[in-house]
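Colleague:
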Amino acid sequence: MTTTERNVVLHVDDVSKNFGGLHALSDIDLEVEQGKTHAIIGPNGAGKSTLLNVIIGRLAPTSGAVVFDGQVLTGKKPHQINQLGVARVFQTPEIFPDLTVLQNVMVPAFAKRDGAFRVNVLRSVDREAALRDEAEAILEDVGLADRRLSHAGALSRGDKRRMELAMCLIQHPRLLLLDEPTAGMSRHDTNTTIDLLQKIKARGMTKVIIEHDMHVVFSLADKISVLSGGRIIAEGLPDEVRGNIKVQEAYLGGAHRVEAVH
Amino acid sequence: MALFQLSRRDALIFALFALVVITMPVWTAPFGANYPGLMQKFAIYAIFAIGFNILFGLTGYLSFGHAAFLGVGSYTAVWSFKLLTMDALPALLLAVLISGLFALVIGFLSLRRSGIYFSILTLAFAQMSYNLAYSVLTPITNGETSLQLTLQDPRLIDLAFTTRGAGLPTASLFGVTLSGLSGFYFCAVVLLIAFFFAQKVFASPFGMMLRGIKSNQMRMSYTGFNTRPYALTAFVISGMYAGLAGALLAVTDPLAGAERMQWTASGEVVLMTILGGVGTLIGPVIGAWLIKYFENIFSSFNEGILSRFFDFIPAPLHDTIVAISSKFVGEGWQLTLGLLFVLVVVFLPGGIMEGVRRIGALFRRGTPPKAGAIRVQPAE
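This is how it looks when you write it as structure tokens:
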């Protein structure tokens, strides 16, 4: 199959990242298809977060490049990458603790509408009814509608995660990067989040997800790449990866089978 | 028109604020503060503090060099008086423009760093301006003697229409002399305009983005905002406010000295803002009034006044109380102000406005107190 037929939107091309003598990532090649959910799994220290940081422009790769939809992301600033349609949920929620929940979700909507910089001191936030309605609808989706006037800093960790997801979703990103979106959530909240992510998948949003929870991974992923020691050791459909003996050894030290976690 | 619209709540606040400012000669009388010179300072330093708060309160960047813009505004205004006309409007406009340009340069360089490094950079630039005004820039600033009007000033515009009078002229507005009470009302109107514009900034998406920068600058970048021009715009706006305040100081007293740019003056506006309430609209105004009141009135109290004040206390105790309290007034006024500042920061970290809010919450029991943007800390 050729690239165009498979419609690859995100292309990680031969990326390596060294921290001093430590090879955090070595020769990573990754292709993410339009509308698909691509999970990256692997043991702690495998380089998963480093890879996400390279994609989003937080870290510059030592060599290689990241291409999104024909645009080279490598070397671009975080706000430029976001303006191209890439949003990210962080491992520890990055939110605006001093603003209300509703304001937290409205701020990204302004970035989407007004661009990276605009001085509009004569408008009033109160009169932005369309944006506010949209923000309230998304808060409804993530189940935070009744908290919309609370201070974001006062939310529980799970609620902060869901709010951060709402902050990304309101931008209708073409690529959503999720760094352990359900870590620290209760089983109930995890399932709600899975439902929500499945719902947005139906809208054709491409996602790259890092996750420890195998239940989440196998519920959502169309394709899985297994990272270990900074290299991709296996890649394939969920069922293929599940049965891969190399994966079980790397990921679980051979002590358990992946099904056991599932 | 969108330009003049305010939300109902903001319009009410503006109306009340306007009432308080315009009736200032009345309500300051019981405090012995109703002389025009001091009320002019109340209005002028309120403008300075409101502008400073747009940077510090909304964006979280703590500048320790804003007095430099105050000084630039004063020098510009006096030069406008000397070269062009004694009319106040050109002086104000030029001062806002020049101090804005000055802020653009200093802000561009200082905003390459944040937190304490940003504060130190602004402090360094301001001290540099202060020392330059005393040394190499003497032709512009007239050094230690201060920049003043002289009988030989060209005043090109004025003298094209009228002949030179006998004494030194005073600032005017369309021919009306601005001194004493008229000077105060001129400053008061400018204060109301400045307050109105600050309200617009606070309510606008731009203001919301500035709060976002203060709250989590990294998230702002990953949300698609180029944060530096936002912070720079806030810096320039607050520099323009400072320049406007400096120009008004020159309007009410056409004299500009370098001491206006000293770091103590920069520190003063920080104190005003924190004392009143960082990130609130009214707080910096209250802080400015309180500090100017202490500086001008409290500092003139002496034992005689205290003795009369404590007249109702029986004699043996009376003398002790007067002796102790006299240490806190007169030359000791800064001791009182310092204690007040410590008490506010320790018990009301959101400033006097947090106290007002807490009292308000007591009356509206049941509804939780609304926490505003009340964090007293610079951006990281």
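Protein chains in written order, with the numbering used here: chain A, 5 to 266; chain B, 47 to 426. For each residue, glycine too, the CB sits at the ideal point set by N, CA and C. Because the structure is a prediction, the values reported are computed rather than measured.
1) Which chain A residues are close to B:A249, counting only those with a beta carbon under 8 angstroms from its beta carbon?
2) Could you spell out where the beta strand (DSSP E) holding A:E239 opens and where it closes?
3) So B:L49 contacts chain A; which residues on that side make the cut at Cβ distance below 8 angstroms?
4) Should A:N48 be flagged as near chain B, meaning a C-beta pair shorter than 8 angstroms?
5) Could you tell me which chain B residues have their CB closer than 8 angstroms to the CB of A:I198, listed as they occur along the chain?
6) Compare the C-beta of B:K373 against all C-beta atoms of chain A and say whether one is closer than 8 angstroms.
7) Does the CB of A:Q87 have a neighbour CB from chain B at under 8 angstroms?
8) Return the CA-CA distance between B:P362 and B:K373, expressed in angstroms with no decimal places.
9) According to DSSP, what are the bridge partners of A:D137?
10) Rounded C-beta distance between B:G289 and B:V124? I'm assuming under 8 angstroms.
11) For A:H4, which residues in chain B fall below 9 angstroms Cβ to Cβ?
12) At 4 residues or longer, what runs of the alpha helix (DSSP H) sit wholly inside the segment 225 to 264 of chain B?
13) Please classify A:S232 as buried or exposed, where buried requires at least 16 neighbouring CB atoms within 10 angstroms.
14) Quick one, which residues of the segment 233 to 261 of chain B are near chain A if we go by CB-CB under 9 angstroms, in chain order?
15) Excluding five sequence neighbours on each side, which residues of the same chain lie with their C-beta closer than 6 angstroms to the C-beta of A:R235?
16) Output yes if chain B places a C-beta closer than 8 angstroms to the C-beta of A:F72; else output no.
17) Quick one: what's got a C-beta closer than 6 angstroms to B:P215's C-beta in the same chain, skipping five residues either side?
18) Cα separation between B:A417 and B:G211?
19) Anything in chain B within Cβ reach of A:V123, meaning under 7 angstroms, just list it in chain order.
20) Could you work out which residue in B:F241, B:S250, B:F242 is closest to A:S128 when comparing CA atoms only?
21) Determine the chain A residues that contact B:S20 at a beta-carbon separation under 8 angstroms, and present them in chain order.
22) Can you list, in chain order, the residues of its chain whose CB lies under 8 angstroms from that of A:P101, leaving out five sequence neighbours each side?
23) Mind listing the chain A neighbours of B:Y107? Cutoff is C-beta to C-beta under 9 angstroms, in chain order.
24) Select from the segment 109 to 141 of chain B all residues with a C-beta closer than 8 angstroms to any C-beta belonging to chain A, and list them in chain order.
25) How about B:L363: is its Cβ closer than 7 angstroms to a heavy atom in the ligand MN?
26) Tell me where the alpha helix (DSSP H) around A:I32 begins and ends.
27) State yes or no: is the C-beta of A:I60 within less than 8 angstroms of the C-beta of A:L181?
28) Any residues in the segment 204 to 215 of chain A with a beta carbon nearer than 8 angstroms to a beta carbon of chain B? Which ones, in chain order?
29) Alpha carbon to alpha carbon, what distance is there between A:A206 and A:I213?
30) Suppose the cutoff is 7 angstroms on Cβ atoms and the five residues either side in sequence are ignored; what does the same chain contact list for A:V265 look like?
31) Beta-carbon separation of A:K21 and A:T66 under 8 angstroms?
32) Less than 6 angstroms between C-beta atoms, sequence neighbours within five positions excluded: which residues of the same chain meet that for A:L173?
33) With distance defined between alpha-carbon atoms, name the residue in A:R92, A:A69, A:G25 nearest to A:D18.
34) In the DSSP output, what is A:D183 paired with across the bridge?
35) Are the CB atoms of B:G397 and B:L321 within a distance shorter than 8 angstroms?
36) Residue range of the beta strand (DSSP E) that A:K81 falls in?
Modeller: Here's the rundown:
1) Within 8 angstroms Cβ-Cβ: S128, V129, D130.
2) Its beta strand (DSSP E) spans residues 235 to 240.
3) Residues of chain A passing the Cβ test: L126.
4) No, because no Cβ of chain B sits closer than 8 angstroms to the Cβ of A:N48.
5) Those within 8 angstroms of A:I198 in chain B number zero; the least Cβ separation is about 24 angstroms.
6) Using beta-carbon distances, B:K373 does not count as an interface residue toward chain A, since no partner is under 8 angstroms.
7) Under the 8 angstroms criterion on CB atoms, A:Q87 is classed as interfacial with respect to chain B.
8) Straight through space, the alpha carbons of B:K373 and B:P362 are spaced by roughly 18 angstroms.
9) DSSP lists no partner for A:D137.
10) Cβ-Cβ separation between B:G289 and B:V124: approximately 13 angstroms, too far for a contact (criterion under 8 angstroms).
11) A question about residue 4 of chain A goes unanswered here, because the residues of chain A that appear run from 5 up to 266.
12) The segment 225 to 264 of chain B contains these whole alpha helix (DSSP H) runs: 226 to 249.
13) The residue in question, A:S232, is buried, as its Cβ has 16 or more Cβ neighbours within 10 Å.
14) Within the segment 233 to 261 of chain B, the residues whose Cβ lies closer than 9 angstroms to some Cβ of chain A are F243, K246, V247, A249, S250, P251, F252, G253, M254, M255, R257, G258, K260, S261, listed in chain order.
15) Once the five neighbours on either side are set aside, the close Cβ partners of A:R235 are S30.
16) No - not a single Cβ of chain B is within 8 angstroms of the one on A:F72.
17) In the same chain as B:P215, and ignoring 5 residues on each side of it, the C-beta atoms closer than 6 angstroms to its own belong to M132, in chain order.
18) Model confidence at B:A417 stands at a pLDDT of 47, short of 50, so the residue's coordinates are unreliable and nothing is read from them.
19) What A:V123 touches in chain B: F252, T279.
20) Closest option to A:S128, judged by alpha-carbon separation, among B:F241, B:S250, B:F242: B:S250.
21) Residue 20 of chain B lies beyond the stretch modelled for chain B, which goes from 47 to 426, so this question has no answer here.
22) Contacts found: H155, A156, G157.
23) Ordered by position in chain A, no residue passes the 9 angstroms Cβ test against B:Y107, which lies about 15 angstroms from the chain.
24) Legend: CB atoms of the segment 109 to 141 of chain B lying less than 8 angstroms from CB atoms of chain A are not found in any residue.
25) Although the ligand MN was asked about, the structure shown includes no ligands whatsoever.
26) From DSSP, A:I32 is part of no alpha helix (DSSP H) but of the beta strand (DSSP E) over 26 to 37.
27) Going by C-beta atoms, A:I60 is nearer than 8 angstroms to A:L181.
28) Of all residues in the segment 204 to 215 of chain A, none places a beta-carbon less than 8 angstroms from a beta-carbon of chain B.
29) About 16 angstroms.
30) A caution first: A:V265 carries a pLDDT of 42, below 50, which makes its placement in the model too unreliable to give a value.
31) Yes, Cβ-Cβ distance for A:K21 and A:T66 is below 8 angstroms.
32) Hits under 6 angstroms: I142.
33) Looking at the Cα atoms, A:A69 is the closest of the given residues.
34) For A:D183, which the question treats as bridged, DSSP gives the partners A:I214.
35) Yes, they are a contact pair.
36) That residue, A:K81, is in no beta strand (DSSP E); it is neither H nor E in DSSP.
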